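Numbering (the numbering used here), first residue to last: 34 to 545.
C-beta: ideal position from N, C-alpha, C; glycine also.
Note that the structure is a prediction, hence the values are computed from the model and not measured.
Everything below concerns the one structure shown next.
The following block contains the structure:
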């Protein structure tokens, strides 16, 4: 399956430059067409037409790159890179402000469109009658597109009624139509969103029993060094499936995910290059998980679920929901878990055994919460504020007692790691730390301002109480006789063994 990476940039403004680009655009594509036709016809003439030759030209292991220049009203440049093996390095991101960028057909046959540029209020349902969805290729000619009713619109997510002809045509041909959102009496958003179907569950009703009881979804950028610990630990407490939304990582994130997958972990990497779209990414992930996961948690790579009881995650969830429902006809759709924020704990270098063992000093009072949800319990608008979702009317949320489950958030790590947070925040409604906006937000570190300058006393900050609960459990249950932990090793989950890599040697010791 081919995967695509889209990078956005700006052309210079001005009518003269636009006319010049449009003329060159037509001429260059005309030359490209005749050149391509000449190459293909010459190849077929001398080599004959066969399936293998066709694959050589258009498929198989042939790697190609394709650049499409869209001369929109703001001069938008879209570059699309594709490789047949689906593996490629993510390039740099650029500013963008008005675009329909993703579209999925939900299990109820409605279309969910993810957009930028409508500037709607957070956590509010907007007036759907002001908008309509359009399906086609050339949105500048409204007579040639299909229009459909918008059922709901909130934040940056639009849900539309999918035209029957579109649904039927998608099933018959292996292609997809482009989708966008039109403001009635106004214009249509530029679009690179092509209609897709849910790959995990298929275009079918929800199964009575899903393959995974507990899953986790995250959006990450350049978290390769911590990803292995995060995945392996959560597997050890019962998580069965991981959805990683890669927000333009340029480190070894793709290689780490591939190695974990090859080791037997059910993990997938979804390229999500869109800037400041964490809420949209989580909604997209919830749709994908609906047919596969009974429960799915939305946490960051520096957040670890701590279960003081020692039970598996699905047992804790089962105990919580069964206890609540036994007192009345209540359906639990979301479990909210408090977050403890840990500080550098006196460290100045990245701890070798991982964050759970290294960081043991935290703030006393919890900051915020994270959620574990039933995907089918979510409101059709898919409104979320990262920490929790809006639910359907027949579902309720519960707050978990911190003695049963808590999130250890290793938020304030050693400066080498922490300073990367100044680069860019992924949430839609959160200002970047270098901006002079919302400087007192809880998202920021108190007292740092807008510049990434290490305070002299950084290693001793955010330390109000020592908490070794998770560290003790990890060392007691998961360390080998030499006190090495699974994420310090080469792991083979399928074979049921793991191997310790000795420092400064080529020897490998197997643990039974």
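Q) According to DSSP, is residue 178 helix, strand or coil? A) coil
Q: Report the rounded CA-to-CA distance for residue 309 versus residue 303, giving the unit in angstroms.
A: 16 Å
Q: May I ask you to report which of helix, strand or coil DSSP gives residue 253?
A: strand
Q | Three CB pairs or more closer than 8 Å across the region 285 to 298 and the region 399 to 419 | A | no
Q.
Suppose you measure from the CA of residue 511 to the CA of residue 146; what does that come to, to the nearest Å?
A. Rounded to whole angstroms, the separation of the alpha carbons of residue 146 and residue 511 is 43 Å.
Q: Output the boundary residues of the beta strand (DSSP E) element that contains residue 214.
A: Counting along the chain, the unbroken beta strand (DSSP E) around residue 214 starts and ends at 211 to 216.
Q. Quick check: the region 502 to 511 against the region 409 to 420, are there 3 or more CB pairs under 8 Å?
A. no
Q) Can you tell which of 426, 377 and 398 has its C-alpha closest to the C-alpha of residue 449? A) Measuring from the Cα of residue 449, the nearest candidate turns out to be 377.
**Q.** Own chain residues within Cβ distance below 8 Å of residue 243, not counting five before or after
**A.** 324, 325, 326 and 327
Q.
Between the alpha carbons of residue 258 and residue 429, how many angstroms are there, rounded?
A. 37 Å
Q: Determine the burial state of residue 173: buried for a count of at least 16 other Cβ atoms within 10 Å of its Cβ, exposed for fewer.
A: exposed
(Q) Could you pull the DSSP bridge partners for residue 149 from this structure? (A) 132
Q) How about the region 259 to 275 and the region 388 to 398: do they share at least three Cβ pairs that are nearer than 8 Å? A) yes
(Q) On the criterion of 16 or more Cβ atoms from any shown chain inside 10 Å, does residue 514 qualify as buried, or is it exposed? (A) exposed
Q) Using CA coordinates, which residue listed in 346, 341 and 220 is at the minimum distance from residue 247? A) 346
**Q.** Whole-number beta carbon distance between residue 374 and residue 555, since they are thought to touch under 8 Å
**A.** This structure gives no information on residue 555, because the portion of the chain shown stretches from 34 to 545.
Q) Got a sec? Which residues, its chain only, sit under 8 Å from residue 28 by beta carbon, not counting five neighbours each side? A) Nothing can be reported for residue 28, as the shown portion of the chain is limited to 34 through 545.
Q | Among 516, 501 and 451, the one whose alpha carbon lies nearest that of residue 484 | A | 451
Q: Please go through the region 412 to 447 and give each complete beta strand (DSSP E) segment of 3 or more residues, from N-terminal end onward.
A: 429 to 432 and 439 to 442
Q.
Please list the terminal residues of the continuous beta strand (DSSP E) segment that includes residue 374.
A. 365 to 374
Q: Look at the alpha carbon of residue 292 and the alpha carbon of residue 300, and state the distance between them as a whole number of angstroms.
A: 10 Å
Q.
Only counting the same chain, and skipping five residues up and downstream in sequence, which positions put a Cβ closer than 6 Å to that of residue 220?
A. none
Q: Compute the Euclidean distance between the alpha carbons of residue 278 and residue 440, then round it to the nearest angstrom.
A: 20 Å
**Q.** DSSP three-state assignment for residue 518, whether helix, strand or coil
**A.** DSSP, reduced to helix, strand and coil, places residue 518 outside both helices and strands of the structure shown, so it counts as coil.
Q.
For the beta strand (DSSP E) containing residue 169, name the first residue and the last one.
A. 164 to 169
Q) Of all the options 186, 182, 178 and 162, which has the alpha carbon lying nearest to the alpha carbon of residue 151? A) 186
**Q.** Per-residue burial, residue 34 [other beta carbons within 10 Å of its own, 16 or more giving buried]
**A.** Because residue 34 sits at a pLDDT of 43, beneath the cut-off of 50, its placement in the model cannot be relied upon, and the following sentence gives the value as read from the coordinates. Counting Cβ neighbours within 10 Å, residue 34 comes out exposed, since fewer than 16 surround it.
Q) Where residue 380 and residue 500 are concerned, what is the direct C-alpha to C-alpha distance, given to the nearest angstrom? A) For residue 380 and residue 500, the gap between their C-alpha atoms comes out near 15 Å.
Q: Tell whether a beta-carbon distance below 8 Å holds between residue 192 and residue 211.
A: no
Q: On a CA-only basis, which of 195, 419 and 129 is nearest residue 179? Give me that one, please.
A: 195
Q | As assigned by DSSP and simplified to three states, the class of residue 263 | A | helix
(Q) Quick check on residue 396: does DSSP put it in helix, strand or coil? (A) coil
(Q) Which of the three DSSP states is assigned to residue 225 in this structure? (A) coil
Q. Can you tell me whether residue 432 is buried or exposed, with buried defined as 16 or more other CB within 10 angstroms of its CB?
A. A residue is called buried when at least 16 other Cβ atoms come within 10 angstroms of its Cβ; residue 432 does not meet this threshold and is exposed.
Q: Would you mind stating whether residue 252 and residue 338 have Cβ atoms separated by less than 8 Å?
A: no
Q. Going by other Cβ atoms of all chains shown within 10 Å of its Cβ, with 16 needed for buried, is residue 197 buried or exposed?
A. exposed
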